[in-house]
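For the sequence shown, our numbering gives the first residue as 15, with consecutive numbering after it.
In what follows, a single structure is set out as structure tokens and then discussed.
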Amino acid sequence: MNRVCEILGIEKPVVQGSMTWITSAELAAAVSNAGGMGILGFNAGQTEMTPDPIETAERMRAEIKKTRALTDKPFAVTYMMPMPGDVFGEPLLNVILEEGMKNIFVLGFGFDPAYEAGVIRGLKEKGLTVLYRAIDANVIGSKMIEEAGADIIVATGADEGGGVSGSNTVMGTFSVVPMIADAVNIPVMAAGGIVDKRTAKAAKALGAEGVYCGTVFIASKECRAAQACKDQIVNSKASDLLQFKDGGNIWRSLPTAAAKRAFDAHINGEGGEAVAKYMNEHGGLCAGQLFGDLENGVNCTSTAIDGIKAVRSCKEIVDDLTEGVEW
Ligand SMILES: Cc1cc2nc3c(=O)[nH]c(=O)nc-3n(C[C@H](O)[C@H](O)[C@H](O)COP(=O)(O)O)c2cc1C
Numbered sequence: 015m016n017r018v019c020e021i022l023g024i025e026k027p028v029v030q031g032s033m034t035w036i037t038s039a040e041l042a043a044a045v046s047n048a049g050g051m052g053i054l055g056f057n058a059g060q061t062e063m064t065p066d067p068i069e070t071a072e073r074m075r076a077e078i079k080k081t082r083a084l085t086d087k088p089f090a091v092t093y094m095m096p097m098p099g100d101v102f103g104e105p106l107l108n109v110i111l112e113e114g115m116k117n118i119f120v121l122g123f124g125f126d127p128a129y130e131a132g133v134i135r136g137l138k139e140k141g142l143t144v145l146y147r148a149i150d151a152n153v154i155g156s157k158m159i160e161e162a163g164a165d166i167i168v169a170t171g172a173d174e175g176g177g178v179s180g181s182n183t184v185m186g187t188f189s190v191v192p193m194i195a196d197a198v199n200i201p202v203m204a205a206g207g208i209v210d211k212r213t214a215k216a217a218k219a220l221g222a223e224g225v226y227c228g229t230v231f232i233a234s235k236e237c238r239a240a241q242a243c244k245d246q247i248v249n250s251k252a253s254d255l256l257q258f259k260d261g262g263n264i265w266r267s268l269p270t271a272a273a274k275r276a277f278d279a280h281i282n283g284e285g286g287e288a289v290a291k292y293m294n295e296h297g298g299l300c301a302g303q304l305f306g307d308l309e310n311g312v313n314c315t316s317t318a319i320d321g322i323k324a325v326r327s328c329k330e331i332v333d334d335l336t337e338g339v340e341w
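As structure tokens, then:
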């Protein structure tokens with residue numbers, strides 16, 4: 015029990031990170047029932063997107079209700095920092111409030127902290143507990159987010175899976191976590207490359223008060239990712255990963271046919287648009303991870319996959335991440 019546990023109302027300071035397509039009520043509830051906290055991410059429980067913002071929000075309402083049926087423990091919903099012109103944020107926030115959610119996970123960008131601080135202030139006025147993660151974590155932004163009332167900051171290093179910050183200075187977890195932990199007084203959770211007790215202990219040593227993990231939970235029994243995706247993670251090494259950059263982010267995928275095309279486009283200097291096209295033209299992350307199509311899709315993971323040696327239950331993963339760590 016530490017500050018993160020007290021703030022979120024959980025037993026163990028382990029949060030299952032928001033991951034597009036592959037989170038669901040089952041995964042979030044399994045992590046929460048194991049004493050950590052699950053998060054419903056973009057497209058949680060879905061197999062296709064809808065362009066309708068109200069329908070998107072209502073689908074999340076259904077997933078919240080489904081999660082509640084599986085656990086009486088706290089969990090959170092992902093709220094993307096609404097940028098000018100965004101039409102999805104407001105209906106989703108209404109659902110989050112109507113459903114009486116306490117904890118909200120906010121995905122920020124980090125490059126306009128004054129604007130983002132204003133959004134955080136608004137969420138705090140509505141009584142929400144805010145867990146904030148910037149794609150591009152930085153000291154000035156983190157201080158402003160703290161001042162705005164955020165409860166916890168997640169500091170993410172480039173060891174992470176999914177989209178990695180594409181800014182000029184790409185920092186690893188060992189650099190980002192102490193930098194942010196020294197800058198703010200609210201608790202910091204570490205993200206990026208945390209998959210087992212060793213890496214969790216390192217996170218603690220760096221100043222984190224908890225761990226925020228994505229990739230290791232893909233390789234969990236309760237994750238709805240396809241078995242082929244999980245098997246590829248368990249059977250691969252970090253040195254297998256192909257790295258490429260689209261317009262905004264760096265991505266790393268295990269070697270699917272689509273990833274090889276995106277990688278070649280990157281190496282040949284065809285530009286971010288071409289890279290994004292090859293990565294996503296046949297379904298991208300949804301095809302690779304949700305449906306297990308390792309030809310047409312991509313399987314983006316952390317660089318710490320050598321530490322993932324089996325598909326385990328969420329309880330086994332949460333227990334491992336907290337074993338021997340004096341949080
Ligand atoms: C496949 C995949 C998809 C992700 N999608 C999202 C997302 O939609 N929103 C978000 O905030 N973070 C996303 N993330 C980042 C995770 O929430 C988390 O920060 C990251 O996985 C931590 O690093 P790790 O993978 O080394 O544990 C994604 C990560 C992965 C692996």
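Virtual Cβ for every residue (Gly too), placed ideally from N, Cα, C.
Going by the DSSP bridge assignment, what does residue i pair with across the sheet?
i: Ile118; result: Val91, Val144
i: Arg266; result: Gln257
i: Ala240; result: For Ala240, which the question treats as bridged, DSSP gives no partner whatsoever.
i: Arg326; result: Ser234
i: Cys314; result: Ser267
i: Met203; result: Val168
i: Val28; result: Val225
Among residues of its own chain, excluding the 5 on either side of residue i, which ones have a beta-carbon nearer than 7 Å to its beta-carbon?
i: Met185; result: Gly171, Ala172
i: Ala148; result: Gly122, Phe123, Gly124, Gly155
i: Glu309; result: Thr270, Ala271
i: Thr92; result: Ser32, Ile53, Leu54, Gly55, Phe56, Phe119, Leu121
i: Trp35; result: Asn57, Leu299, Cys300, Gln303, Leu304
i: Leu111; result: Lys140
Please check the pair residue i and residue j, which I expect to be a contact at CB under 8 Å, by giving their CB distance rounded to whole angstroms.
i: Gly228; j: Met33; result: 5 Å
i: Lys80; j: Asn47; result: That pair is no contact at about 14 Å.
i: Glu223; j: Pro27; result: 6 Å
i: Leu137; j: Asp165; result: About 10 Å separates the two Cβ atoms, so there is no contact after all.
i: Lys244; j: Val339; result: The Cβ separation is near 25 Å, so there is no contact.
i: Ile247; j: Ile319; result: 6 Å
i: Ile348; j: Glu113; result: Because the chain here runs from 15 to 341, residue 348 falls outside it and cannot be looked at.
Cutting at 6 Å between CB atoms, please list the residues of its own chain near residue i, excluding the five before and the five after it.
i: Val289; result: Phe258, Asp260, Ala276, Ala279, His280
i: Val168; result: Arg147, Met203, Ala205, Tyr226
Cβ of residue i less than 8 Å from any chain B Cβ?
i: Leu107; result: Protein chains in the displayed structure number just one, and chain B is not present.
With a CB to CB cut of under 8 Å and the five nearest residues on each side skipped, what residues in its chain are close to residue i?
i: Arg326; result: Ala233, Ser234, Lys235, Asp334
i: Thr64; result: Thr70, Arg73
Extract the residue ranges of the alpha helix (DSSP H) inside the region 207-234, only unbroken runs of 4 or more that lie entirely within it. The alpha helix (DSSP H) runs of length 4 or more contained entirely in the region 207-234 are, from start to end of the chain, 211-219, 229-232.
Ignoring anything shorter than 3 residues, give me the beta strand (DSSP E) runs that lie fully in the region 139-188, in order along the chain. 143-148, 166-170, all fully within the region 139-188.
Return the chain-ordered ranges of every alpha helix (DSSP H) run that is complete within the region 30-115 and spans a minimum of 4 residues. When DSSP assignments are scanned along the region 30-115, the uninterrupted stretches of alpha helix (DSSP H) that are 4 or more residues long and fall wholly within it turn out to be 39-47, 67-84, 103-112.
Sufficient close CB pairs (3 or more, under 8 Å) joining the region 323-336 to the region 187-197: As far as the Cβ criterion goes, the region 323-336 does not touch the region 187-197, which means the pair count is below three.
Spell out a yes or no on whether the region 50-60 and the region 68-85 are touching, meaning 3 or more CB-CB pairs, one atom from each, closer than 8 Å. By the Cβ test, the region 50-60 is in contact with the region 68-85, since at least three Cβ pairs between them sit closer than 8 Å.
Please confirm if the region 312-324 is in contact with the region 260-272, defined as three or more CB-CB distances below 8 Å between the two stretches. The region 312-324, when compared against the region 260-272, does touch it at the 8 Å Cβ threshold.
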